[in-house]
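Beneath this line is the structure, given in structure tokens, with notes to follow.
Residue numbers (our numbering), protein chains in the order written: chain H, 1 to 1058; chain E, 1 to 428.
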């Protein structure tokens, strides 16, 4: 191609474009002449259009609008044309066609675009014309009919411009009329046909033939009747409001569609929600069912498809809550993950409390900590990204293997990397949290499901969240990886295995919560935190009802309130009876108050447990709410001081929480009200976790109240023959289930009250203490008159201390009637908190009340083995009776079932192997005996005996006793060995050394099997000739009548290896 | 069956009868001293927090006030019985008498369990108790004090009610009040110091230099700690301390041949006298079995923990070197063990003499309140020394001259003084 030709081409093109532009301008100008008639304008347009085309002379134009056709006078129809539809409100209302009369002439692509543009302009013109016409008509009509209601104007407009929407509104209006019961209303005579009969598909439900399809015109016709009916029955205002609402709802359709399509990913939903809020759609008044539909869809996508949950949540969830949620969500691309149980619980609690309490109650702000969620599928993304998929099989391995590999898995996970898209999100989260400490908690899909109590099985990690941004992100990623690893830790896997949940596709979502608190010195901590339960299972006074609830509260982080601690005590408060505390005397108050506190050390960037007294000495004046949390011990009294009187350097502060329910901000009532509300709305008792930074109250977690194994709710069977019942009870019952009690220690009320001297009574306490050491732990019950642990007046009850009874399974107090006076019971108050922390159940019996069975005959007639097991107390045999149940009841055991909800308890004899009925007695499945913890222990003991160098160590005999011998050893039990030793100190030392090696070895073995860590598994008791002669100490175990030590066969000394 | 049931009051009467036989008291004196002089029973209606009204049963028993205004605690106990209160009031009479303070004996109580009561309800019980008996008690008639499950707070409520009824201030109406609200300084030290004052006098009698003695102490609570403090100041050396470990639920003995350093050991101790095993070990203490304290080769044993600690089964493990046992606790020795101790010729300072420092200090509190002038701690403690010393000397002199066991001598002196006062007043 030559240059000249090229230039010519360009010029040609330019010329064409110029023609097109001219054409558009002229047409636009024409269309803008609004005052001219439709016909004249369109005719003009038709005449102008050909000038935009290359071969204007051969052009002709046709415009079809509804049923009207406009065309060039010279039109020759053929198949050689370009076409564009006319669209008004998304509906095709006609078309524009342009024809060439010569097939040889070619249309250009640019010309097609030109045609589209022109058609669009015509459409706009037509639409405007339409509206104008309608408005004019309406104006006309309103003048003639005086004031026509506004809604009619809108409806009329709709009918003419958007018939689909018109029909939709009509349908909604009809439903509305049905709903408010106005369809029965008489129609005015001149609107006879307006009866709903022709609208309502009466009887259609029962016919089998397909329903005739009605054409749109008929439907529109019918709709008119609906509006007529509405006009007759509703006032104009009401109709208008409804119509406006329905029209706005229509704008929501994009969100509804996104949610209903299960294929949309979380980011689609996130975008839709953002658009929803961007359009201010949240401000409009939505109808209840629209709200519900949206909420349910959102709940389904984010949380769970559990109907129980949805049924409750849908009443309270506000779509606004999802806004924050989605903005603080971390998920991989194309995610369909969920947020897990913990998130769902908090979300539900938040929805319920905010919709019913608002954000303030008793003058206290109810808050929720800043929370980020990581969706459940992020974990699998993490696994795939690091090629760790095979770890998922872990759960099917042997528990020992799982345990030994777990440490590796943690390291493996911590050394893996998160995909960059997730790291980017971590970055956002870290930015959002600033320098606040955070906690990374698991929120697995299994966790907090109804029926499976998964609390505490997975990890929660505190992060001080200090340092550079990079350090913070690394720490967060590390923590998330570690929580992920805990899915593969042996304990939850074992737990799932036991409950048949192993095959559940466990995905772990994670929540990252800002830790609530304030800075005190270098530490960060909340003023107080804890857990609260709707149901109080530990009533320390008969005045406390189950519904009064229970708060376990500690200063600092709530970790110490959640767990039972053996060496420290949280403060217990019943919100329904806040003034009845467990501990009353200054001594009790001091002893049973928290002494340690969990904090985050901002300087060391760690979580720590420190002494409260140390913290207060340094930073007492900074401690938030000190005047309401602390009392002071002064010369034997507990004093409440204000902050000007507090001298932390010298004083002796005690955590009492005395002021939580006193002043204007009543935190105890607040917690009580929240518990009551949640219980009522969720229709089940709940437990919540909370914290307070010194001002605001934060709800951290909410879930259905669970119970520990020994506190399981037992079903009380009604078909036990009376002869098998030892006793029943119906007052102040906690939850509990004890399937295999083998011994009863019964201090007879008559015997005890007839003792003549204090010494004899003290002897009874000593006998009980001795028996407590001899009988198998948690396999016997203690029954006695009045108050166990009486101190002053010991004739009111046996004056034991906690250590004298610490092996019993249940402590039973018997209140007999004397005349018309029933004695008071202690409710275990003397060591109530010790009982709570060590899971010993308490049960009061009132044998003389109606409908109570108390088989005293058995208790008094069964053989008393006291003289045999503790001969030194034989003279107390009338008062202290020790009954070996399997011996007395032909190998039966005693089963005790306690149900707090029914306030009933039952103790009955049952055969030992009656496991099936035992299991069915408990609502939550019991932990089945995984394996014989005792058997391998016994084997090992036998092995040790066979290998011991008896001559060298001067060992005469070896015995085994305790739980291993009794075949009831648990995973944490040690092996009690009794060695008859006759050597010197040197031999003793060597022997103990030799055994220590075994002990450590066995401990490690046991750890691999069970996860219980001990310092050694052997409990060695050396006895001498002297001991045997005097039958003192453990020598009494040899040849004892009950629970005697079993001799172990010792190997031939010379042949023994090593 | 009921007839042989344990009855503390009958026990108190039997104890008295034995001594009365020795003293050869006349029938009238016996009859008077066997029973309380006055016994009040009354009902205390209380509006409970839930709006209901509950009626509590209250008592006050004044056993004998021949030697001065009666004095005794108020107990809140759900199983309170009149027999218990009567017995305790009798023992109060003897206790005040043995240290020779001019007070009689009484006791009172309310059948209730503070564990089931809010503080407001407890306050109402306290005030109700005073309202029922306000004209039969008072600083010059009968002075209450804290006892089982009552404390300084309860005393202040009672005091306030009493003063409101009488329209005047009577700080001496009640003892056991917090310092600054009518309480006395030195109360914390009183019992422990009192124990050592008697030990000092016993040593003097045995002609032993305190600086050359060693001691083993059971318990590390208030009494034990202050006993150790004063004993160490006297030059003595405590080489072993036993105490209960809450965590392990058993007792341990902590031994240091070079002598216990009180301040050092206190730093490893909680406020109930529980010693931290690890800290103690770090401080160089040898940790032994809880029973080990009793078998130490020392001159003095101070059981200052709880009752029934020296029993038939361990009394023989007392080292032959032991010369004095001072009972800092109440009833640490069982009767069978007591017989052995007496036989072995160990100098016994019986509980109600050795630990009378507490009641003496209460008396001082009352005295200070009545004159509305409060002493410095030194003054309280030096007066305590004088009282305890002379009380001890009276008892030991009697024991020596009549060649009787210290415990018996103490009872004889106590009962004799009360009998004499009744006689002098012309009552019998």
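We put the beta carbon where it would ideally sit given N, CA and C, even for glycine.
With distance defined between alpha-carbon atoms, name the residue in the options nearest to residue i.
i	options	result
residue 759 of chain H	E:412, E:369 and E:308	E:308
residue 55 of chain H	H:665, H:12, H:35 and H:372	H:12
residue 423 of chain H	H:394, H:478, H:462 and H:846	H:478
residue 156 of chain H	H:849, H:121, H:228 and H:86	H:228
residue 328 of chain H	H:113, H:226 and H:339	H:339
residue 240 of chain E	E:223, E:288 and E:72	E:288
residue 7 of chain E	H:948, H:882, H:764 and H:755	H:755
residue 743 of chain H	H:883, H:16 and H:138	H:883
residue 670 of chain H	H:38, H:695, H:362 and H:232	H:362
residue 214 of chain E	E:230, E:236, E:341 and E:208	E:236
Within 7 Å of any Cβ in chain E, is that where the Cβ of residue i sits?
i	result
residue 596 of chain H	no
residue 1047 of chain H	no
residue 1059 of chain H	There is no way to answer for residue 1059 of chain H, as the model of chain H reaches only from 1 to 1058.
residue 584 of chain H	yes
residue 580 of chain H	yes
residue 292 of chain H	no
residue 637 of chain H	yes
residue 619 of chain H	no
residue 541 of chain H	yes
residue 762 of chain H	yes
Excluding sequence positions up to five away, which residues of its chain have a Cβ less than 8 Å from the Cβ of residue i?
i	result
residue 570 of chain H	530, 552, 553, 554, 560, 561 and 594
residue 88 of chain H	123, 126, 127, 130 and 161
residue 51 of chain H	19, 22, 23 and 26
Could you name the residues of the same chain whose beta carbon sits closer than 6 Å to that of residue i, not counting the 5 residues immediately before and after it, in chain order?
i	result
residue 937 of chain H	964, 969 and 975
residue 810 of chain H	781, 841 and 843
residue 189 of chain H	Unreliable placement is indicated for residue 189 of chain H, whose pLDDT of 40 sits below 50; no coordinate value is reported for it.
residue 53 of chain E	45 and 47
Could you name the residues of the same chain whose beta carbon sits closer than 7 Å to that of residue i, not counting the 5 residues immediately before and after it, in chain order?
i	result
residue 84 of chain H	95, 96, 115, 116 and 119
residue 323 of chain H	273 and 277
residue 1039 of chain H	none
residue 326 of chain E	195, 198, 199, 300, 302, 349 and 354
residue 489 of chain H	406
residue 427 of chain H	473
Check whether the Cβ of residue i lies closer than 7 Å to any Cβ atom in chain H.
i	result
residue 188 of chain E	yes
residue 118 of chain E	yes
residue 1 of chain E	Only weak support is given to the placement of residue 1 of chain E: the predicted model assigns it a pLDDT of 36, under 50, and the value that follows is read from those uncertain coordinates. Closer than 7 Å to some Cβ of chain H, the Cβ of residue 1 of chain E qualifies, so yes.
residue 152 of chain E	yes
residue 41 of chain E	no
residue 308 of chain E	yes
residue 149 of chain E	yes
residue 431 of chain E	Not covered by the structure: residue 431 of chain E. The range shown for chain E is 1 to 428.
residue 79 of chain E	yes
Contact check, residue i vs residue j under 8 Å by CB: the rounded distance?
i	j	result
residue 845 of chain H	residue 769 of chain H	Not a contact, Cβ separation roughly 22 Å.
residue 409 of chain E	residue 399 of chain E	4 Å
Extract the residue ranges of the beta strand (DSSP E) inside the segment 939-987 of chain H, only unbroken runs of 3 or more that lie entirely within it. 955-961 and 975-981
Could you name each continuous beta strand (DSSP E) segment of 3 residues or more that falls completely within the segment 288-325 of chain E, going from the start of the chain to the end? 300-303
Scan the segment 92-179 of chain H and note each continuous alpha helix (DSSP H) run of 4 residues or more that stays entirely inside, going in chain order. 109-144, 150-161 and 163-179
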